[in-house]
Amino acid sequence: MLERTLKKGRTEVTFILPADTPSGPVSVVGDFNGWRPGVHTLKARRDGKRSVTVALPSGSVQCFRYLAAGDYWFNDESAGDMDGPNSRLHT
Numbered sequence: 050m051l052e053r054t055l056k057k058g059r060t061e062v063t064f065i066l067p068a069d070t071p072s073g074p075v076s077v078v079g080d081f082n083g084w085r086p087g088v089h090t091l092k093a094r095r096d097g098k099r100s101v102t103v104a105l106p107s108g109s110v111q112c113f114r115y116l117a118a119g120d121y122w123f124n125d126e127s128a129g130d131m132d133g134p135n136s137r138l139h140t
């Protein structure tokens, strides 16, 4: 799930997943971090989910995917758009 918060000149996007699906550490990787795993790792929240927030330029298009333990790549269906194998996010 994605949550967007508009700020001056940027959009803060919060990437949210259940606490245990998939199990183990999960990173969101994409255009905004050079597709480097571990830069934006989801952390546990009090509500039983895990998330990470990334500030992105407003009006941009960013491709991303999640990377879980065991080299398991997956998309965020709530992004609503795809670019090949990647989720696409419009800010």
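If you read the sequence shown in this note's numbering, its first letter stands for residue 50, the second for the next number, and so on. Think of the CB as a built atom: it goes at the ideal place given N, C-alpha and C, for glycine as much as any other residue.
Between the CA atoms of residue j and residue i - distance to the nearest angstrom
i: R99; j: R114; result: 16 Å
i: G73; j: G87; result: 13 Å
i: L116; j: F123; result: 7 Å
i: Y121; j: R95; result: 25 Å
i: I65; j: V101; result: 7 Å
i: A68; j: G97; result: 6 Å
i: A118; j: K56; result: 33 Å
i: R53; j: D132; result: 20 Å
i: P71; j: A104; result: 24 Å
Coil, strand or helix - residue i by DSSP
i: S76; result: strand
i: N135; result: strand
i: S100; result: strand
i: A128; result: helix
Expected contact under 8 Å - CB spacing of residue i and residue j to nearest Å
i: L51; j: V75; result: Contact flag wrong, Cβ pair sits at about 14 Å.
i: W84; j: V78; result: 5 Å
Contact set for residue i: own chain, Cβ-Cβ below 8 Å, skip 5 residues either direction
i: G58; result: P106 and S107
Extent of the continuous beta strand (DSSP E) run through residue i
i: K56; result: L51 to K56
i: V110; result: V110 to A117
i: T24; result: Past the boundaries of the shown model lies residue 24; the chain is included only from 50 to 140, so the question cannot be answered.
Near the ligand NAD: residue i beta-carbon under 8 Å from a heavy atom
i: E52; result: No copy of the ligand NAD appears in this structure; indeed no ligand is present at all.
Neighbourhood of residue i by C-beta, 7 Å cutoff - its chain only, sequence neighbours within 5 removed
i: A93; result: A68 and R99
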